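The numbering of the sequence shown is UniProt numbering, which starts it at 1 and goes up by one.
Glycine is no exception: its CB is placed at the ideal position from the N, C-alpha and C atoms.
Bear in mind the structure is a predicted one, so any value in this text is a computation, not a measurement.
Notes for the one structure printed next.
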Amino acid sequence: ASQRTLETDIIKETKPPYEQLLVALLQGKRDEDPLELVEEAVRTRSTSRLINRSQVDKDVEDLYYAGEK
């Protein structure tokens, strides 16, 4: 018999896109900035090198249009 996990239960009991969101949160994957950039941001009190403005704009647009469906 296969072993039951929280992830398999989520996949079995939910449907996309909620399923995809829950699985992604459960897996805890995320982009990490290099330590040197984080230390520089703390030192200079500026996050400008940590933030990809074009990616932010794309994410905002994607979320906006996803909410219209």
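Beta-carbon proximity of residue i to residue j, cut-off 8 angstroms
i, j, result
"Arg49", "Glu40", "yes"
"Glu7", "Val23", "yes"
"Ile11", "Leu26", "no"
Residues near residue i by beta carbon distance below 7 angstroms, same chain, minus five either side
i, result
"Leu37", "Arg49, Leu50"
Same chain, Cβ closer than 6 angstroms to residue i, five either side skipped, listed in chain order
i, result
"Asp33", "Leu50"
Cβ-based neighbour list, residue i, same chain, cut-off 8 angstroms, excluding 5 preceding and 5 following
i, result
"Glu19", "Ile10, Ile11"
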